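Engineer: Protein sequence lines correspond, in order, to chains A and B. Under this note's numbering, the first residue of the first sequence is numbered 26, with each subsequent residue one higher. Under this note's numbering, the first residue of the second sequence is numbered 115, with each subsequent residue one higher. We put the beta carbon where it would ideally sit given N, CA and C, even for glycine. Predicted model, so just to flag it, every value in this text is computed and none were measured. Sharing a structure below in structure tokens format, with a few things to ask.
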Amino acid sequence: MRLFALSSVLLAAAGAYWQLHSPHGPAGAKSLAAAAATGAAGGAALFAILRKNALEHFPALAFALPPAALAVAAAVKLLGVSYRGGVFLGGMNPTEIFKPMAVLYTAFALSRERARLPLLCGGLAFFAAAGAILNDFGLVAVIAISALCTAFFRSAAAGAALFAGGAALAGALFAFPPAHVARRITAWLDPFADATGSGWQFLKAQETMAAGGVFGAYFGEGGAGAWLPVSESDFVFAAVCGEFGLAGCAVLLALYVLYAAGGLAVAARARASATAATAAAGFACSVAAQALVNTGGVVRAMPMTGITLPFVSHGGSSLAVTIAMTIGVFAAAGTAAEEQPKRAKRKFATIKPVTDKQRT
Amino acid sequence: MKTRSAILSLLFAALAACVFWITCSRVFSSADDPRMIRFLRKYGQSPEAAERLVERGCILDCNGDILSAPAQDGGWKRDYPLGEAAAHPVGAFGPDPTGCERAFDETLSRPSAIDPSRGGSVALTIDAPLQSKAYSLLAGRAGAVVALDPRDGRILAAASSPGYDPANPRAAADSSGGCFVNRAFDGLYPPGSVFKIFTAAMAVDAGLENETLSAPAAGWSPAPGAPPVRDHEALAAARSGARWRGRRAENMENAFARSSNVYFARIACLAGAERFNATAERSCLRNSFSLAPGAASPMRAAGASIPPPENAADLAAMAIGQGRLQLSPLAVALLAATAANGGDMPAPTIEAEAPPRILARAAFSPHAAAKVKSMMRAAVLRGTARGCDIPGMEVCAKTGTAQTGSGGDHSWFVCFAPESAPQIVVAVVVEHAGFGAEAALPVAREMLAAARERGFVETGTGPAAGETEAE
């Protein structure tokens, strides 16, 4: 718990520093505060849902999540504005909210008595479809990895089964990629083939990293921003490497690992409810997976997916969702044996009398 | 559950370590990956990345003076001491290099054998002072100047105006006037009367050397119904209201000296389209020229567009440098160089180390070349090119006034010197500047004088010899 709190605070601080001092036009304290406030509100909601076991009491709520995501995706596809490979609605990237939705659903499905895997896979298919509609395979990858880790967290067998399925799907995607994915795979495998086109961002990112060296070249000035494309969002990791060097990258990556480890430890020790614990693991894994998918894409360890680096990238929706999920992890924390189930029950009973009926 | 969460944590740590390891390899292997080096040389913007790479070499002129070198403040920038005067042949270095910066990119950016921390240097045949002089003589007018050695085709100057600042090409990116076009090599213009060098040589080779023809004041129609070809005297007389009687029984030398359109249109029709076509083919002017055979990416210059004549009117128009004919200033210089060089056309080159080559052996017969040479001398002594005579230099020349589809006539001038042993050819075009003798001639004369001053012309005999040696 302390580890998780420390790493998330440090990440948030690093992210806030970067966003406020980024050469690419600072995000602005106002928008940062707005995103933090939104995130806090969302986090409070997640906290309440998990602490009150709302999903267990109202399974319909959980079952509504995957179709809702698909509906939102369809609406965005119809009404939204395409920009840099993403679809935006009213300046927000609404797909960000799919991540906590998927984690909640995964936690719910894995906590059921029966038919856990079919339920999980069926729901994930909805999220995958939602991501595919919007061409957001990065989102699909993050949701899938997070679900995979969460399943493993609950049971090794479930994790293995999901891993097999996920690997097969990923293989199929690589073997028969849609045009949009094929371009990214080509650019990943050989950015020099189209150096001034699809490979440009990668090679510019590599130039920035090479310029940064071990301790960074643009410390405090962010000189890379002038010529590194999308240095404020997708390629922010390269900009960090340019400014703070490999040392800065190592610290940042270590913070994400500590975040995941801390979150998982909180989840493993939680005695609140299985759903809350699983959701906490899911949130931690989701943020860490996103960080790895993003940085892996920037350094060309895997194809670029166009998702942001949690906490650090500009973008209010990304930051808000990350903060919300971080708060969500705490929902599983601190409910040890001597916690106040009675008070919680009583409180809950006053609001939702249905609980008592179910409990008794 | 605790065990599995620990396993997951370790998994994340391992993946993060992989990402970090790859980040390290991206940081440290950039300077070893040839493709990355090439990318950074072309498109790099960070001085820090530049410092880790080999410094790009210099481009030098024929005296070893710098035309292009790395800028003092480091990074990717280049210094161009001649500035816009040599922007076109030397080129500009940037994401999309041009000119010699592009042609010799491999040599310039690969570690040289002498000093592996620097790229190789490239020496050009360009003479920096002559190049600057050529550009300044154009004085901002659109046009081009080419100066070359007719014996080996070495290009001493190739100026194109308007120019741009090669150190900062983007500043000129939005200015109109085609400042990025290298008019000297790639500008295709109707050549006008300077093309009579070609027509005359063809006619001599066709055995029509002693043909005397009349040039009626009313002009001459190559075919019934075709618009008549008229001499410029007739046109000038018509403009001023004076009367011109035309010429009766004029020989080729006199017709050349006064630049008679009628004579050369008629003689081309006598020689025939086939011979015209064959001479054009033999001269290799239809091909584009490789100016830097030793360069990794060859530097090519458009030659000329000399389409096969379709009928008598077409042939008559082309014989006097009009119609569908288009030549670059370099191609015009090569025509004169062929006449100066005894009929052999030298291969033009901008690369100092390229061995001299002949592009077209016997493009004209030696006899035709000698005849054209004497006619060009006559044009200077008593013809349209009178203003170009420089004492002691035995200048041979031809003027040209090319009608254009739109705007005023292009002013052309081509000359070489000295007659006895030609060592320099100068071709000048000034766009929409009127008579060849008015705008282009003074530029060419100054260029000849400057070339002599620079020691590119050694007049063995004559009154000027002593002066040259004294300098």
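#1: Closer than 8 Å, CB to CB, is B:Arg586 near chain A or not?
#2: Could you tell me the distance, in whole angstroms, from the CA atom of B:Ser119 to the CA atom of B:Phe142?
#3: Taking the alpha carbon of B:Pro460 as the reference point, which residue from B:Ala466, B:Glu467 and B:Ala450 has its own alpha carbon closest?
#4: Could you tell me whether any Cβ in chain B is nearer than 8 Å to the Cβ of A:Gly307?
#5: Name, please, each residue of chain A whose Cβ falls closer than 7 Å to the Cβ of B:Lys116.
#6: Between the stretch 315 to 330 of chain A and chain B, which residues of the former have CB atoms less than 9 Å from a CB of the latter, in chain order?
#7: Between the stretch 252 to 262 of chain B and the stretch 531 to 545 of chain B, do at least 3 Cβ pairs fall closer than 8 Å?
#8: Looking at the structure shown, is A:His339 part of a helix, part of a strand, or coil, going by DSSP?
#9: Excluding the 5 residues preceding and the 5 following A:Leu28 in the sequence, name in chain order all residues of the same chain whose CB lies nearer than 8 Å to its CB.
#10: Apart from the five residues just before and just after A:Leu187, which ones in its own chain have a Cβ nearer than 6 Å to its Cβ?
#11: Since B:Lys485 is in the alpha helix (DSSP H), which residue starts that stretch and which ends it?
#12: Determine the extent of the beta strand (DSSP E) in which B:Glu364 is found, giving its start and end residues.
#13: As an exercise, report each continuous alpha helix (DSSP H) stretch of at least 4 residues that is fully enclosed by the stretch 80 to 108 of chain A, in chain order.
#14: The alpha helix (DSSP H) that contains B:Lys310, what's its start and end?
#15: Going along the chain, which residues of its own chain have a beta-carbon closer than 6 Å to the beta-carbon of B:Ala217, five neighbours each way excluded?
#16: Do you know how far the Cα of B:Phe309 is from the Cα of B:Asp319?
#17: Starting from the Cα of B:Leu122, find the closest Cα among A:Arg325, A:Tyr281 and A:Val324 and give me that residue.
#18: Just curious, the beta strand (DSSP E) that B:Ile538 is in, first and last residue?
#19: I need the straight-line Cα distance from A:Gly148 to A:Ala242, nearest angstrom please.
#20: Contact criterion: CB-CB distance below 8 Å. Does A:Cys274 meet it with respect to chain B?
#21: Output the distance between the C-alpha atoms of A:Ala361 and A:Ala293, rounded to the nearest integer angstrom.
#22: Going by C-alpha distance, which of A:Gly191, A:Glu138 and A:Thr120 is nearest A:Ala157?
#23: For B:Ala392, which residues in the same chain have their Cβ closer than 7 Å to its Cβ, ignoring the five residues on either side in sequence?
#24: List, from N- to C-terminal side, the alpha helix (DSSP H) runs of 4 residues or more that fit wholly inside the stretch 436 to 487 of chain B.
#25: Just confirm the distance between the C-beta atoms of B:Ala183 and B:Asp193, as a whole number of angstroms; I'd bet it's less than 8 Å.
#26: Quick check: the stretch 241 to 257 of chain B against the stretch 220 to 232 of chain B, are there 3 or more CB pairs under 8 Å?
#27: Taking only the alpha-carbon atoms, compute the straight-line gap between A:Leu271 and B:Tyr249 and give it to the nearest angstrom.
#28: May I ask you to report which of helix, strand or coil DSSP gives A:Leu317?
#29: Within the same chain, show all residues whose beta-carbon is closer than 7 Å to that of B:Pro421, passing over the 5 residues directly before and after it, in chain order.
#30: Could you tell me which residues DSSP pairs with B:Glu169 in its beta bridges?
#31: Report the neighbours of A:Val282 on chain B: residues whose CB is nearer than 8 Å to its CB, in chain order.
#32: If B:Cys502 and B:Ala558 are in contact, beta carbons under 8 Å, what's the gap, nearest whole angstrom?
#33: Measure the C-alpha to C-alpha separation of A:Ala127 and A:Thr347 and round it to an integer number of angstroms.
#34: Along chain B, in chain order, which residues have C-beta atoms closer than 8 Å to that of A:Phe178?
#35: Which residues, in chain order, does the stretch 158 to 185 of chain B contribute to contact with chain A at a C-beta distance below 7 Å?
#36: For B:Leu429 and B:Gly386, I'd like the C-alpha separation in whole angstroms.
Structural biologist: Taking the definition as stated:
#1: Coverage of chain B is limited to positions 115 through 585, which leaves residue 586 of chain B absent and any answer about it impossible.
#2: On the second sequence, position 5 is the one that residue 119 of chain B refers to. On the second sequence, position 28 is the one that residue 142 of chain B refers to. Approximately 34 Å, taken between the alpha carbons.
#3: As a position in the second sequence, residue 460 of chain B is number 346, starting the count at 1. Taking each of B:Ala466, B:Glu467 and B:Ala450 in turn and checking the Cα distance to B:Pro460, the smallest one comes out for B:Ala450.
#4: Locating residue 307 of chain A in the first sequence gives position 282, counting from the first residue. Answer no: the Cβ-Cβ gap between A:Gly307 and chain B never drops below 8 Å.
#5: Residue 116 of chain B sits at position 2 when you count from the first residue of the second sequence. Within chain A, the residues placing a beta-carbon under 7 Å from that of B:Lys116 are Ala293, ordered along the chain.
#6: Cβ contacts with chain B: Ala316, Leu317, Thr320, Gly321, Val323, Val324, Arg325 and Ala326.
#7: Cβ pair count under 8 Å is three or more, so yes.
#8: Working through the first sequence from its first residue, we reach residue 339 of chain A at position 314. DSSP places A:His339 in coil when its eight states are reduced to three.
#9: Translated into positions along the first sequence, residue 28 of chain A becomes position 3. If we look at A:Leu28 and ignore the five residues flanking it on each side, its Cβ neighbours are Leu283, Ala286, Gly287 and Ala290.
#10: Working through the first sequence from its first residue, we reach residue 187 of chain A at position 162. These residues qualify, in order along the chain: Leu173 and Ala176.
#11: Locating residue 485 of chain B in the second sequence gives position 371, where the first residue counts as 1. Following the DSSP letters along the chain, one finds B:Lys485 inside the alpha helix (DSSP H) bounded by residues Pro480 to Arg496.
#12: For this step, residue 364 of chain B is matched to residue 250 along the second sequence. B:Glu364 -> beta strand (DSSP E) spans Gly360 to Glu364.
#13: Fully enclosed alpha helix (DSSP H) runs of 4 or longer: 84 to 104.
#14: The residue you call residue 310 of chain B lines up with position 196 of the second sequence. Per DSSP, B:Lys310 belongs to the alpha helix (DSSP H) from Lys310 to Asp319.
#15: Taking the second sequence and counting its residues from 1, the one referred to as residue 217 of chain B is at position 103. Cβ neighbours of B:Ala217 beyond the five flanking positions: Ala406, Ala409, Ser411 and Met413.
#16: By one-based count along the second sequence, residue 319 of chain B stands at place 205. By one-based count along the second sequence, residue 309 of chain B stands at place 195. If I take the Cα positions, the gap works out to 16 Å.
#17: Along the second sequence, one-based indexing puts residue 122 of chain B at 8. Comparing Cα-Cα distances from B:Leu122 to each of A:Arg325, A:Tyr281 and A:Val324, the minimum goes to A:Tyr281.
#18: Indexing the second sequence from 1 puts residue 538 of chain B at position 424. For B:Ile538, the enclosing beta strand (DSSP E) covers residues Ile538 to Val544.
#19: Here the question's residue 148 of chain A lines up with position 123 in the first sequence. Here the question's residue 242 of chain A lines up with position 217 in the first sequence. A:Gly148 and A:Ala242: Cα-Cα distance of roughly 46 Å.
#20: One-based indexing of the first sequence puts residue 274 of chain A at position 249. For A:Cys274, the closest Cβ of chain B is nearer than 8 Å.
#21: Against the first sequence, residue 361 of chain A aligns to sequence position 336. Against the first sequence, residue 293 of chain A aligns to sequence position 268. Bear in mind that the predicted position of A:Ala361 carries a pLDDT of just 43, short of 50, making it unreliable; the figure below should be weighed with that in mind. Straight-line Cα distance between these residues: approximately 12 Å.
#22: Taking the first residue of the first sequence as position 1, residue 157 of chain A is located at position 132. Cα-wise, what sits closest to A:Ala157 is A:Thr120.
#23: As a first step, residue 392 of chain B must be located in the second sequence, where it is residue number 278. Here B:Ala392 has no same chain residue with a Cβ atom under 7 Å from its own Cβ, once five neighbours each way along the sequence are excluded.
#24: Taken in chain order, the complete alpha helix (DSSP H) segments of 4 residues or longer contained in the stretch 436 to 487 of chain B are 443 to 454.
#25: On the second sequence, position 69 is the one that residue 183 of chain B refers to. On the second sequence, position 79 is the one that residue 193 of chain B refers to. Contact between B:Ala183 and B:Asp193 is confirmed by a C-beta separation of about 5 Å, below the 8 Å threshold.
#26: Cβ pair count under 8 Å is below three, so no.
#27: Within the first sequence, the letter at position 246 stands for residue 271 of chain A. Within the second sequence, the letter at position 135 stands for residue 249 of chain B. Rounded to the nearest angstrom, the two C-alpha atoms are 51 Å apart.
#28: The residue labelled residue 317 of chain A in the question sits at position 292 within the first sequence. Correct three-state label for A:Leu317: helix.
#29: In the second sequence, residue 421 of chain B corresponds to position 307, counting from 1. The beta carbon of B:Pro421 sits closer than 7 Å to those of Arg438, all from its chain and outside the five residues before and after it, given in chain order.
#30: Residue numbering aside, residue 169 of chain B sits at position 55 when the second sequence is read from its first letter. B:Glu169 is bridged by DSSP to B:Arg232.
#31: For the purposes of this step, residue 282 of chain A is taken as residue 257 along the first sequence, with counting starting at 1. The contacting residues are Ser123, Phe126, Ala127 and Ala130.
#32: Here residue 502 of chain B refers to the residue found at position 388 when the second sequence is read from its first residue. Here residue 558 of chain B refers to the residue found at position 444 when the second sequence is read from its first residue. Contact between B:Cys502 and B:Ala558 holds: their C-beta atoms lie close to 6 Å from each other, under 8 Å.
#33: Counting from one through the first sequence, the residue named residue 127 of chain A turns up at place 102. Counting from one through the first sequence, the residue named residue 347 of chain A turns up at place 322. A direct Cα-Cα distance of roughly 14 Å separates A:Ala127 from A:Thr347.
#34: Position 153 of the first sequence holds residue 178 of chain A. Simply Met115, Arg118, Ser119 and Leu122.
#35: Listed by position, the residues of the stretch 158 to 185 of chain B near chain A (Cβ gap below 7 Å) are Gly158, Gln159, Ser160, Glu162, Ala163 and Arg166.
#36: Within the second sequence, the letter at position 315 stands for residue 429 of chain B. Within the second sequence, the letter at position 272 stands for residue 386 of chain B. Going from the Cα of B:Leu429 to the Cα of B:Gly386 covers about 8 Å.
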